[in-house]
Amino acid sequence: MSSLSTTSAPKGLEGIVATTSKICYIDGDQGVLAYRGIDIHELAEHSNFEETCYLLWFGKLPTSAELAGLRARLAAARELDPAILALLRGIPSSAQPMDILRTAVSALSFYDPENKKNDHDANVNKAIRLTSQIAMIVAAYDRIRKGLPIVAPDRSLSHAANFLLLLNGKAPSPTAERALDIALILHADHELNASTFAARVTAATLSDMHSAITAAIGALKGPLHGGANEAVFRILESIDAQGSDPVAYVKDMLAQKKKIPGFGHRVYHTEDPRATHLRKMSRDLCHASGHPKWYDMSQKIEDFVKAEKKLNANVDFYSASTYHTLGIDVDLFTPIFAVSRISGWAAHVIEQLDDNRLIRPRADYQGPKYPAHYMPIAER
Ligand SMILES: CC(C)(COP(=O)(O)OP(=O)(O)OC[C@H]1O[C@@H](n2cnc3c(N)ncnc32)[C@H](O)[C@@H]1OP(=O)(O)O)[C@@H](O)C(=O)NCCC(=O)NCCS
Numbered sequence: 001m002s003s004l005s006t007t008s009a010p011k012g013l014e015g016i017v018a019t020t021s022k023i024c025y026i027d028g029d030q031g032v033l034a035y036r037g038i039d040i041h042e043l044a045e046h047s048n049f050e051e052t053c054y055l056l057w058f059g060k061l062p063t064s065a066e067l068a069g070l071r072a073r074l075a076a077a078r079e080l081d082p083a084i085l086a087l088l089r090g091i092p093s094s095a096q097p098m099d100i101l102r103t104a105v106s107a108l109s110f111y112d113p114e115n116k117k118n119d120h121d122a123n124v125n126k127a128i129r130l131t132s133q134i135a136m137i138v139a140a141y142d143r144i145r146k147g148l149p150i151v152a153p154d155r156s157l158s159h160a161a162n163f164l165l166l167l168n169g170k171a172p173s174p175t176a177e178r179a180l181d182i183a184l185i186l187h188a189d190h191e192l193n194a195s196t197f198a199a200r201v202t203a204a205t206l207s208d209m210h211s212a213i214t215a216a217i218g219a220l221k222g223p224l225h226g227g228a229n230e231a232v233f234r235i236l237e238s239i240d241a242q243g244s245d246p247v248a249y250v251k252d253m254l255a256q257k258k259k260i261p262g263f264g265h266r267v268y269h270t271e272d273p274r275a276t277h278l279r280k281m282s283r284d285l286c287h288a289s290g291h292p293k294w295y296d297m298s299q300k301i302e303d304f305v306k307a308e309k310k311l312n313a314n315v316d317f318y319s320a321s322t323y324h325t326l327g328i329d330v331d332l333f334t335p336i337f338a339v340s341r342i343s344g345w346a347a348h349v350i351e352q353l354d355d356n357r358l359i360r361p362r363a364d365y366q367g368p369k370y371p372a373h374y375m376p377i378a379e380r
């Protein structure tokens, strides 16, 4: 044990600081989230997704010319190799969108013009390409599975508007575009969350950007992480279909010792600042769409879980009713998380590689006492 600096690890590495980073600041006690020092509330109010990407990747807010340049590069990257579309067309209909996205992003590396390069500039280029391509893959697959034609991208539109166009076949209303744009800003980065950590660990072996993002998508899929937004809406749907009382439904889940998706957080001990915006968006969109029931149900659940378990809603709780009201299918909620989080994952991969060292922690061994001798099979 002499080579270990600490001999026990808190379960789930709670409270462990695993790297330095200049990208994302979180104060879990005060409910603060900031990208490059800029509070998420200011970004949600004044910024847009492309500008947020610039901030994450280049470390500062862009000038008008710099923002126009990045917008043009993102728009130019709105293309998928026909082989990727063929792959999407060949996927069994039983496949889940997150699994499809994971496989398609891995396959994108075959067609990336810089797939052998792993330097800073190549990785910025890959960040731009992947940001455009991930949105296209999510939308294209949804069209394919519905038997609808794939929509050509509109390079004059914002990232959010183009994504909704590709998904729905028509340009969104300004309200829908802005709602998705804000959701993309809010989901863009979150320090060393599980998927970002997976991306950094993968990048640190000097693997490549596509491998790191593929690993991150695999981690995001789980219901304890990005999969929670889908799980939230499955509950709302079930309450609605059964005509149940939302509070009784959730009470029953707690009695069965089930966790309520969309509540609790490892880092925030107060309101998740992203939830503040998503709650308001959910309320406004649900009421404007004439379906206030999704917001009303959510609010009843939130009030109850807060009072009963002292747990706050996290980013996933109100994103569920928000995305539903934007006309997005429930199994696309987590892929849409990835449509945004690619920006943060890529920023972390770039930062990791700018000052890399292999990430290789130790385990607190608790197995049979050493030396436990080998016993020949005939004697066991
Ligand atoms: C986010 C999450 C994984 C954080 O996990 P964590 O830091 O490991 O916290 P724990 O799972 O150890 O929970 C601590 C306590 O709060 C309870 N708790 C946490 N989240 C809960 C939830 N959503 N519903 C009910 N109880 C919950 C746990 O049961 C545990 O109680 P106990 O000490 O009596 O056993 C967890 O809150 C969770 O599973 N939430 C639901 C999934 C979700 O929304 N994920 C998205 C996160 S952004």
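Residue numbers for the sequence shown, in the working numbering: 1 to 380. Just so it is clear, CB atoms sit at the ideal spot from N, CA and C, and this is done for glycine as well.
Asked, Found
"Specify the secondary structure class of tyrosine 268 as computed by DSSP and reduced to three states.", "coil"
"Considering just the uninterrupted stretch of the beta strand (DSSP E) at aspartate 27, what are its terminal residues?", "24–27"
"Pull up the CB-CB distance for leucine 70 and glutamate 50, whole angstroms please, since I reckon it's below 8 Å.", "6 Å"
"Rounded to the nearest angstrom, how far is the Cβ of alanine 161 from that of threonine 52, given a contact under 8 Å?", "Incorrect: roughly 15 Å between the Cβ atoms, too far for contact."
"Roughly how many angstroms separate the alpha carbons of glutamine 256 and methionine 136, rounded to a whole number?", "40 Å"
"Give the list of continuous alpha helix (DSSP H) stretches no shorter than 4 residues that lie fully inside the region 280–350.", "293–309 and 315–325"
"Give the range of the alpha helix (DSSP H) segment to which valine 32 is assigned.", "That residue, valine 32, is in no alpha helix (DSSP H); its beta strand (DSSP E) goes 32–35."
"Short of 6 Å in beta carbon distance, which residues of its chain neighbour threonine 19, apart from the five on each side in sequence? Order them along the chain.", "none"
"Taking 8 Å as the limit between beta carbons, can you name the residues of its chain near tyrosine 370, skipping five residues before and five after?", "none"
"Would you please state the rounded distance, in angstroms, between the beta carbons of valine 330 and arginine 234? I believe it to be under 8 Å.", "7 Å"
"Can you give the Cα-Cα distance for tyrosine 295 and valine 250, rounded to whole angstroms?", "16 Å"
"Per DSSP, what kind of secondary structure is isoleucine 134 in: helix, strand or coil?", "helix"
"List, from N- to C-terminal side, the alpha helix (DSSP H) runs of 4 residues or more that fit wholly inside the region 183–254.", "194–204, 209–220 and 228–242"
"By DSSP's criteria, aspartate 39 is part of a beta bridge. Which residues make up the other side?", "Ala34"
"Excluding the 5 residues preceding and the 5 following leucine 278 in the sequence, name in chain order all residues of the same chain whose CB lies nearer than 6 Å to its CB.", "Tyr318, Ser319 and Thr322"
"Quick one: Cα of lysine 126 to Cα of serine 211, how far?", "12 Å"
"Beta-carbon separation of proline 261 and alanine 231 under 8 Å?", "yes"
"So, using beta-carbon positions, are valine 339 and isoleucine 84 closer together than 8 Å?", "no"
"Output the boundary residues of the alpha helix (DSSP H) element that contains glutamate 50.", "49–58"
"Report buried or exposed for serine 94, applying the criterion of at least 16 other Cβ atoms within 10 angstroms of its Cβ.", "exposed"
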